[in-house]
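The numbering of the sequence shown is numbering that gives the first Met the number 0, which starts it at 0 and goes up by one.
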Amino acid sequence: MSEGRPLLVSGNWKMNENHFESLKLVQELAALLRAGGLPPGREASVHPPFTSLRSVQVALESDHVPLALGAQDCHPADKGPFTGAVSAEMLAKLGVRLVIAGHSERRTLCGETDEQVRAKLDAIWRHGMTPICCVGETLEERRAGEHLAKVRSQVAAALGGRRGEQVASAVIAYEPIWAIGSGETASPDDAQEMCAAIRVAVGELAGAGAAAAVRVQYGGSATPDNAAELLACPDLDGLLVGGASLDAARFAAILRAGAR
Ligand code: PGA
């Protein structure tokens, strides 16, 4: 963390936790955060499945839990004949503050393109929420030395041609695909190198102000054991946590990792 950007640690629950289980998890988190809350300069969000959003929102608000409500995806259109889809407008009405877009699982499993991810960002911003735009390379791309070019092109596709102020408000999650759910974490040096490169790319696209303000998270097998070291990297402003966010004690430990 550096230059006054608040750290943002986000729990991506993926397709886990029905609404009963989600409530239980939030209540456990609330109990763990009651004593002491979040460390200063830290923010956090939870991203349950759509079916749990309402229950989690009520639980967070009624208990004054210091966790923002997040979603995992949205459709770029506001309404229409898109069976099974959920719009950013619907999410905003539910009190959602942050929406993940372009997670590698959606890019890979659902064939989501850079153009669709950009349209989702438009929708998220249109409804006053903050996008967490995911970028990251495959193992083959890293081995071929193409990781930087891949990530730069994803960042350009999502954020190129936008106003500096808008870009400044984005969160970018650098998630090397080989590290997601694999137990293999990028080393702090690799994570720092990529997060710094993303910041440089943002500067080229949207100016120095946007580069200094944009928050860059790391995601991929983040745990209580490696969180403090990752969060100490100067260009890394938080974590996008999958597996470890499904356990209240582990997620609470990550939220407090390395805090003084
Ligand atoms: P993981 O997932 O922490 O389970 O590796 C991270 C993510 O996909 O956001």
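We treat Cβ as the ideally placed atom computed from N, Cα and C, and that holds for glycine.
Note that the structure is a prediction, hence the values are computed from the model and not measured.
- DSSP places GLN71 in the coil class of the three-state scheme, outside both helix and strand.
- For the segment 156 to 207, the continuous beta strand (DSSP E) assignments of 3+ residues that do not extend past its boundaries occur at 170 to 173, in sequence order.
- With 16 or more other Cβ atoms from the protein chains shown falling within 10 Å of its own Cβ, HIS146 counts as buried.
- In this structure, ILE176 has its CB at a distance of at least 6 Å from all heavy atoms of ligand 1.
- Nearest C-alpha to PRO75 among ASP121, VAL64, PRO65 and ALA30: ASP121.
- CYS194 sits close to VAL215, with the two beta carbons spaced by under 7 Å.
- Around LEU138, the same chain offers TRP177 as residues with beta carbons nearer than 6 Å, after the five sequence neighbours per side are excluded.
- A distance of 7 Å or more separates the beta carbons of VAL213 and ALA256.
- Proximity of the beta carbon of ASN11 to ligand 1 is indicated: a heavy atom of the ligand is located closer than 6 Å.
- The C-beta of PHE250 has 16 or more other C-beta atoms within 10 Å across all chains shown, which makes the residue buried.
- Where LEU28 is concerned, the enclosing alpha helix (DSSP H) starts and stops at 18 to 33.
- C-alpha of LEU235 to C-alpha of THR129: approximately 18 Å in a straight line.
- In the structure shown, GLU42 adopts extended strand secondary structure according to DSSP, grouped into three states.
- SER220 has its Cβ nearer than 6 Å to a heavy atom of ligand 1.
- Here the alpha carbons of PHE19 and ALA205 stand approximately 43 Å from one another.
- Looking at the backbone, the Cα of ARG125 and that of ARG33 are separated by about 34 Å.
- For VAL116, the enclosing alpha helix (DSSP H) starts and ends at 113 to 125.
- For ALA100, the uninterrupted beta strand (DSSP E) run begins and ends at 97 to 100, by DSSP.
- Counting only the Cα atoms, ARG141 lies some 9 Å from PRO175.
- Put simply, the backbone Cα of ASP246 is about 11 Å away from that of PRO223.
- With a threshold of 16 other beta carbon atoms within 10 Å, GLU164 falls short and is exposed.
- If you look at THR107, you'll find it in the alpha helix (DSSP H) that goes 103 to 108.
- DSSP places SER61 outside any beta strand (DSSP E); the residue lies instead in the alpha helix (DSSP H), whose first and last residues are 52 to 61.
- Taking non-hydrogen atoms of ligand 1 into account, the C-beta of ILE179 is found less than 6 Å away from one of them.
- When the five nearest sequence neighbours on each side are left out, the beta carbons in the same chain lying within less than 8 Å of the beta carbon of VAL201 are those of VAL154, LEU158, VAL166, ILE171, ALA209, ALA210 and VAL213, in order along the chain.
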